[in-house]
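Student: Sharing a structure, written as C-alpha cells. Questions coming.
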Amino acid sequence: MVVQKFQDNGQYDSAIYVMEHKILPELGYNSKSYLEGLITLSGFYLKKQDTNRFESYLRNVDSLAAQSGYVDTRARALSNLGILEDDRGDFSNAILYYKKSIRLFLNLGDSLSSALVKRNLAYTYTRLDDYNTAIHIYQEVLDIYRKFHYDNGIAKIYDALGAIYRGMKDYPESIKSYRKAIKILKEKKEVKALIPAYIDISVVFLEAKKLDSANIFLEKCYEIKKDMPIDLTYGLIFENWGEVSFKQHKYALAKRQLAKGMEVYRKIGYKEGIINIRIWQAEVLLATGHIQEARDKLMQSFNELRHFPGTNSKKMALNALRDIQLAEHDYRSAYQTMKRIHLFYDSLYEVQKAEAVLNAKILYNTNAIQEKNKQLKAKNYTNELKIANLRMQIYIYVLLIIIIVVLSLGYVFYNRQKKRQLILEKESETLRLIRNEKDKISMELHDLIGGEIFGMLLQYQIIGNILKDERIQRLNDAFGKVYEKVRGYSRTLKNIDAKNLPLEISILNLTHRFEAGANIRIKSNVASFDWQELEAGTKEHIYHIVQEAVINALKYSGADVIEIIFEKKKKEYRFSITDNGKGFDIHKLEDANGLTNIRERVEKIGGSLSVETKAGKGTKISVIVNNIDF
Numbered sequence: 010m011v012v013q014k015f016q017d018n019g020q021y022d023s024a025i026y027v028m029e030h031k032i033l034p035e036l037g038y039n040s041k042s043y044l045e046g047l048i049t050l051s052g053f054y055l056k057k058q059d060t061n062r063f064e065s066y067l068r069n070v071d072s073l074a075a076q077s078g079y080v081d082t083r084a085r086a087l088s089n090l091g092i093l094e095d096d097r098g099d100f101s102n103a104i105l106y107y108k109k110s111i112r113l114f115l116n117l118g119d120s121l122s123s124a125l126v127k128r129n130l131a132y133t134y135t136r137l138d139d140y141n142t143a144i145h146i147y148q149e150v151l152d153i154y155r156k157f158h159y160d161n162g163i164a165k166i167y168d169a170l171g172a173i174y175r176g177m178k179d180y181p182e183s184i185k186s187y188r189k190a191i192k193i194l195k196e197k198k199e200v201k202a203l204i205p206a207y208i209d210i211s212v213v214f215l216e217a218k219k220l221d222s223a224n225i226f227l228e229k230c231y232e233i234k235k236d237m238p239i240d241l242t243y244g245l246i247f248e249n250w251g252e253v254s255f256k257q258h259k260y261a262l263a264k265r266q267l268a269k270g271m272e273v274y275r276k277i278g279y280k281e282g283i284i285n286i287r288i289w290q291a292e293v294l295l296a297t298g299h300i301q302e303a304r305d306k307l308m309q310s311f312n313e314l315r316h317f318p319g320t321n322s323k324k325m326a327l328n329a330l331r332d333i334q335l336a337e338h339d340y341r342s343a344y345q346t347m348k349r350i351h352l353f354y355d356s357l358y359e360v361q362k363a364e365a366v367l368n369a370k371i372l373y374n375t376n377a378i379q380e381k382n383k384q385l386k387a388k389n390y391t392n393e394l395k396i397a398n399l400r401m402q403i404y405i406y407v408l409l410i411i412i413i414v415v416l417s418l419g420y421v422f423y424n425r426q427k428k429r430q431l432i433l434e435k436e437s438e439t440l441r442l443i444r445n446e447k448d449k450i451s452m453e454l455h456d457l458i459g460g461e462i463f464g465m466l467l468q469y470q471i472i473g474n475i476l477k478d479e480r481i482q483r484l485n486d487a488f489g490k491v492y493e494k495v496r497g498y499s500r501t502l503k504n505i506d507a508k509n510l511p512l513e514i515s516i517l518n519l520t521h522r523f524e525a526g527a528n529i530r531i532k533s534n535v536a537s538f539d540w541q542e543l544e545a546g547t548k549e550h551i552y553h554i555v556q557e558a559v560i561n562a563l564k565y566s567g568a569d570v571i572e573i574i575f576e577k578k579k580k581e582y583r584f585s586i587t588d589n590g591k592g593f594d595i596h597k598l599e600d601a602n603g604l605t606n607i608r609e610r611v612e613k614i615g616g617s618l619s620v621e622t623k624a625g626k627g628t629k630i631s632v633i634v635n636n637i638d639f
C-alpha cells in the first residue's frame, strides 16, 4: 500500500527505497514473490528513465525464473525487455523477446496475458510500417478478447486498428474502427476513455479533409471535457479545433481556439504542445497576409526546438517555413527546406510528390517575382473555377468558329463545284444543240440539195448523151464537182459523238481523211491510249483541238509530216501536235483565229497550252490537262 501511494504521487525514489530495503529483504531469495518484486522495482527505474538498471533487473529475473521454473514470471520479464528494446529502436530484439514471452504464456494456457504481449508485438510491426502483419496480430487479439468478453480490451484494439489504417491513408477503414471503439465505450459508459477516441477520430476526419465531421467530434469531446480538470487532452481539443478552423479559412476563430490551447499547454507545462500551437499561429498569420510576423513567430519555435527533440513538431515547423518562403517567392530556400522535410516523411510517394511539386514551382518561378495574391483561399478557389469555366467557354467558341469556317469553306467549294458543273452542263447542252443543228444541216445538204443536184446531174447526163454537145458535157462535169463538194461539206459537218464513238477512232478517222486528201503523212499513238476516265465534253474539246492544229499545219506550214503524241502521268493528260513545216513568228502573227480557238478550248477543260515555233524549224503545240473531273 505504501509503495502504491508513492507510485501514484510520482515519488519513485521513495518507492525504490521501500522496495530495496523493506520489502525485498523480507521475501525469500529466488522465490517467486521476490522475482515479482524485482519486476516491480525495475518498473520504477524505467519511470526514472534509468534504462540500465531496468534492463539489469529484468535480465536477472529472466535468468533466475528460468532456473526455478517460474514460467509466467519469466514471460513477464521477457515482455518488459521487449518494451525496452522497442523504445531503443532495436525492433528485431523487441520482436524476439515478445515472441518468446507469447510462447511461454501460451504453454501455460494464459491466452489473456499472451494477448497483451501480442498487442505490444503488433505495435512494433506498426513502427516498422509492416501494417498487414500488425493488423493480422490485432485480429488474433480481438478473437481472444471476444472469447473472454473483455470489452475494454476490444475497444483498445479497435482504437489501435484505427491508428494503423490512418497510417495507411485508408481513412474509411480507420473511421470504421474508431466508431466501433466509440460504440463500445459508450455502452460501457467509459466517459474518460471516450475523450481520446473522439480526438483520434477527429484527426482522421481532419486528414481526410472532412472538416465538418472533425468539428462535430471535437464539439462532443469538448462537451465531455469542459467540466473536468485541465489536462493534455483539453489542450489537444483546442489545438485540433484551431487546425480545423484554419483549414476552413475561419482564421479569426482559429486564432481564438489556438490561444486557448496555448493557455492550457502553458498551465500544464507541455512544451511540445506550446511549440505546435505557435507553429499553427504562424500559419494563420501567413494566411492573413502578415508574413513577417509569421516568420518571427516561427523562428521563436525553431529556437525552442533546438533544445527539444520533438520530431513531429520539427516537421510542422519546416512545413510552415516552406510556406513562408514560398509566399516570399524565395523558391531556392523553399527547395532546401523541402529536402529537410524529407527526413520526417514516412512515405516515399509523398516525398517524391512533394519534391515534384516544388521543383515545378522553382522551374517556372525562380526568375519571375510575382505579385502576392492577398485574397482568401476560398476566393482563390472561386476564381480558379471561373477561369476554368472561361477557358472551357473559349475552347467551345474556338471549336465552333473552326466548325463554322470549315462548313463555310465546304459550302463555298460545293457552290463552286456546282456552278462549274452547271457551266459544263450548259456547255454540253450547247454542244449537243450545235451537233444536232450541224447534223440537220448535213442531212439537208446530203438529202435535199445533194439529191436535187444529183437529179439534175442525171438529167444533164441523159441530155448530153443524146445531143452529144460538148458544152452540155462541161456543164455536166461542173455539176459533178458541185455534187462532190456538197457531199464533202456534209461529211465535214457530221460531228463526232463522244458518247457513242470512241475518241481514238474519231481522231484516226480525221487523220485518215487528211492523209487521203493531202500529200502528207500523219503519225499518232492515239490507238493505244486509254481515254475512259475523261468525260464526253472533254473528249470533244480534245478532238477539236487536234482538228484545228492539223488544219492549221495543212494550211500554213507546208509540212509533209505531222506527229500527234498522247501520254498520261497520274491524273495529268498530255498531248502534242508537231509538224516539220516552215514555222512562224508568233509575235508577228496577225490573223490567229485558229490558235485563239485552240486556247479557248484548252481553258474550258482546265488545261494549259504552250506553243513552240521558230521560222524554218516547224511548230509544236502542247496541251496539259491537270484535272480529269470536268
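Residue 167 in the numbering used here sits at position 158 of the sequence shown, with consecutive numbering throughout. Cβ coordinates follow ideal geometry from the N, Cα and C atoms, glycine included. Since the model is a prediction, treat every value here as computed from it, not as a measurement.
Buried or exposed for residue 94, going by 16 or more other Cβ atoms inside 10 Å?
Tutor: buried
Student: Look up residue 616 in the DSSP assignment and give the residues it is bridged to.
Tutor: 634
Student: Quick one: residues in its chain with C-beta nearer than 6 Å to the C-beta of residue 164, no 5 flanking neighbours on either side, listed in chain order?
Tutor: 190, 193 and 194
Student: Is it a yes or a no for the stretch 561-570 touching the stretch 514-522, going by three-plus beta-carbon pairs under 8 Å?
Tutor: The stretch 561-570 vs the stretch 514-522: no contact.
Student: Is residue 32 near residue 19, with beta carbons less than 8 Å apart?
Tutor: no
Student: Compute every distance between the C-beta of residue 48 and the non-hydrogen atoms of the ligand ADP, then say whether any falls below 7 Å.
Tutor: You won't find the ligand ADP in this model; it holds no ligand whatsoever.
Student: If you draw a straight line from the C-alpha of residue 98 to the C-alpha of residue 130, how long is it?
Tutor: 13 Å
Student: Under DSSP, the beta strand (DSSP E) around residue 578 begins and ends at which residues?
Tutor: Counting along the chain, the beta strand (DSSP E) containing residue 578 begins and ends at 570-578.
Student: Helix, strand or coil for residue 297? Go by DSSP, reduced to three states.
Tutor: coil
Student: Under 8 Å between the Cβ atoms of residue 122 and residue 91?
Tutor: no
Student: Against chain B, with Cβ distances strictly below 8 Å, would residue 596 count as a contact?
Tutor: Here chain B cannot be found, since the structure has a single protein chain.
Student: Please classify residue 157 as buried or exposed, where buried requires at least 16 other C-beta atoms within 10 Å of its C-beta.
Tutor: exposed
Student: Could you give the DSSP three-state label for residue 40: helix, strand or coil?
Tutor: Three-state result, residue 40: coil.
Student: CB residue 628 to CB residue 603, shorter than 8 Å?
Tutor: no
Student: Could you check which residue in 196, 206 and 202 has the C-alpha nearest to that of residue 185?
Tutor: 206
Student: Is it the case that the Cβ atoms of residue 261 and residue 288 are separated by a distance below 8 Å?
Tutor: no
Student: Among the candidates 172, 241, 204 and 116, whose CA atom is the shortest distance from the CA of residue 216?
Tutor: 172
Student: So, with DSSP's three-state summary, where would you put residue 582?
Tutor: strand
Student: When DSSP labels each residue in this structure, what does residue 199 get in the three-state scheme?
Tutor: coil
Student: Give the straight-line distance between the Cα atoms of residue 39 and residue 82, rounded to the nearest whole angstrom.
Tutor: 12 Å
Student: Tell me whether the beta-carbon of residue 36 lies closer than 8 Å to the beta-carbon of residue 70.
Tutor: In this structure, residue 70 does not lie closer than 8 Å to residue 36 by Cβ.
Student: Let me confirm a value: residue 581 is counted as buried when at least 16 other C-beta atoms fall within 10 Å, else exposed. Which label applies?
Tutor: exposed
Student: Starting from the N-terminal side, write out each stretch of the alpha helix (DSSP H) that is 4 residues or longer and does not extend beyond the stretch 86-140.
Tutor: 100-116 and 120-136
Student: Measure the alpha-carbon distance for residue 96 versus residue 61 and round it to whole angstroms.
Tutor: 13 Å
Student: Given a cut-off of 8 Å, decide if residue 28 and residue 50 are closer than it, judged by their beta-carbon atoms.
Tutor: Taking 8 Å as the Cβ cut-off, residue 50 and residue 28 qualify as a contacting pair.
Student: Thinking C-alpha only, which one of 174, 233 and 227 is nearest residue 201?
Tutor: Nearest of 174, 233 and 227 to residue 201, Cα basis: 233.
Student: Have a look at 88, 57, 58 and 53 and flag the residue whose alpha-carbon is nearest the alpha-carbon of residue 68.
Tutor: 88
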